[in-house]
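Structure record follows, encoded as structure tokens.
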Amino acid sequence: MITLDIKNESTVHRIIQKKTLLRLLECIVTGEGIKDPLEVSVLFCDDAFMTSLNKQYRNVASTTDVLAFPMDAQIPSDSVRVLGDIVVSMDVLRTRCKDVREAMRQELLLLVCHGMLHLLGYDHDTPEKRTLMQQKQALYLELPFDTVWHS
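Just so you know, this note's numbering puts 92 at position 74 of the sequence shown, and the rest follows in order with no gaps.
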């Protein structure tokens with residue numbers, strides 16, 4: 019079971035339903051063999067906020083599409099495991115998808131999937147890890163392998 023907390027602090031609204039994101043996250047945790055109850059937060063923000071986060075945590079003074087912040091503290095196993103936060107720039111999403119709502123919806127699913135995989139410990143800092151992450155995204159989004167990564 020996943021508890022999903024969504025906050026939208028952007029000017030883009032009603033792109034996707036919470037239940038759709040919840041189904042995606044449940045598909046991922048099931049596929050990863052996780053049975054513990056989890057809590058995940060998703061924040062939709064603008065480029066100004068994303069740029070400030072990117073500068074603070076990655077020392078990159080520009081926006082990005084998605085950041086993930088895993089929870090570092092260990093939570094007792096008898097309670098809900100707080101996995102972490104996923105932050106998505108809706109300005110990047112809107113620009114990338116040219117304001118086409120269905121494209122924005124599909125891209126949002128990709129970005130949340132990408133963020134969730136980061137929360138679960140996946141990374142793409144080597145070619146091998148990148149390929150694995152692409153394979154996982156393709157699997158969970160049921161998309162062709164070559165469509166699940168932006169350079």
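Every residue, glycine too, gets a C-beta built ideally from N, C-alpha and C. Computed from a predicted model, the values in this text were never measured in an experiment.
- Alanine 66 and threonine 81 have their alpha carbons spaced roughly 7 Å apart.
- In the displayed model, arginine 148 falls within a helix according to three-state DSSP.
- Counted as a single uninterrupted DSSP element, the stretch harbouring serine 107 is not any alpha helix (DSSP H) but the beta strand (DSSP E) occupying residues 99-107.
- The C-beta distance from valine 106 to leucine 127 rounds to 11 Å, too long to fall under 8 Å, and the pair is not in contact.
- Under the three-state reduction of DSSP output, glutamate 125 falls in the helix class.
- Listed as beta-bridge partners of asparagine 26 by DSSP are Phe62.
- In this structure, Val60 is the residue among Val60, Leu42, Val47 and Lys116 with its C-alpha nearest to the C-alpha of serine 28.
- Scanning His142, Lys36 and Arg148 for the CA closest to the CA of threonine 21 turns up Lys36.
- A distance below 8 Å between beta-carbons, with the five flanking residues on each side excluded, links threonine 69 to the following residues of its chain, in chain order: Ala79, Ser80 and Thr81.
- The bridge partners DSSP lists for valine 84 are Val106.
- Contact between aspartate 143 and aspartate 109 does not hold, since their C-beta atoms are separated by about 26 Å, which reaches or exceeds 8 Å.
- Inter-residue distance for glutamate 120 and histidine 31 is about 13 Å (C-alpha atoms, whole angstroms).
- Leucine 138 and phenylalanine 87 have their alpha carbons spaced roughly 10 Å apart.
- Bridge partners of isoleucine 46 according to DSSP: none are assigned.
- In terms of Cβ geometry, isoleucine 33 and methionine 89 do not form a close pair [threshold 8 Å].
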